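Each residue of the sequence shown is one higher than the last, beginning at 7 in this note's numbering.
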Amino acid sequence: FHQVEDRAHFRWFAGRSILDFKLQGLRRMRLNSPYDVLNPILSAMVELAKRSLKDGEELALIQLIVNYFKDGGSEVRPHTHRCRQVCVSLGAGRELEVEG
Numbered sequence: 007f008h009q010v011e012d013r014a015h016f017r018w019f020a021g022r023s024i025l026d027f028k029l030q031g032l033r034r035m036r037l038n039s040p041y042d043v044l045n046p047i048l049s050a051m052v053e054l055a056k057r058s059l060k061d062g063e064e065l066a067l068i069q070l071i072v073n074y075f076k077d078g079g080s081e082v083r084p085h086t087h088r089c090r091q092v093c094v095s096l097g098a099g100r101e102l103e104v105e106g
C-alpha cells in the first residue's frame with residue numbers, strides 16, 4: 007500500500023483522505039498503476055457485493071472510494087447512503103458503526 011500512499015493523489019473530503027473513481031454502472035473494474043496494488047482488495051469487494059444480490063438483480067458499480075486514515079485524528083462523520091455500499095478504509099485502525 008505504501009506505493010499508493012507515496013504516488014497517489016488523495017484529496018481531503020469530509021474528514022478523511024480519499025481516492026474517488028466514477029464507474030458509470032460497470033460490472034467490474036481493474037485499476038491501473040499506481041493503484042493496481044489495490045486490485046486484490048477491489049476484487050474481494052466486488053465478490054462480496056455479488057453475493058449480496060437478490061435473484062434478478064445485477065451488479066452496477068457506480069463509484070469506488072478508498073478512504074485513507076493516516077492516524078487516529080481523522081474520521082468520517084455519521085451519514086447514510088441511498089444505495090448498498092461496500093466500503094474499505096486503509097491506514098490507522100478505527101471503530102465502525104453500521105446501522106440497518
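Just so you know, even glycine gets a beta-carbon here, dropped at the ideal spot from N, CA and C.
As the structure is a prediction and not an experimental result, all values here were calculated from the model.
Simplified DSSP assignment, three categories, for residue i
i	result
residue 70	strand
residue 57	helix
residue 80	coil
residue 23	strand
residue 38	coil
For residue j and residue i, believed in contact at Cβ under 8 Å, the rounded distance
i	j	result
residue 73	residue 96	7 Å
residue 21	residue 67	Not really, about 24 Å apart at Cβ, beyond 8 Å.
residue 54	residue 37	Not really, about 17 Å apart at Cβ, beyond 8 Å.
For residue i: DSSP bridge partner residues
i	result
residue 28	69
residue 96	74
residue 17	24
### Task
Would you check if there are 3 or more beta carbon pairs closer than 8 Å linking the stretch 58-74 to the stretch 22-36?
Per the Cβ contact rule, the stretch 58-74 is in contact with the stretch 22-36 (3 or more Cβ pairs under 8 Å).
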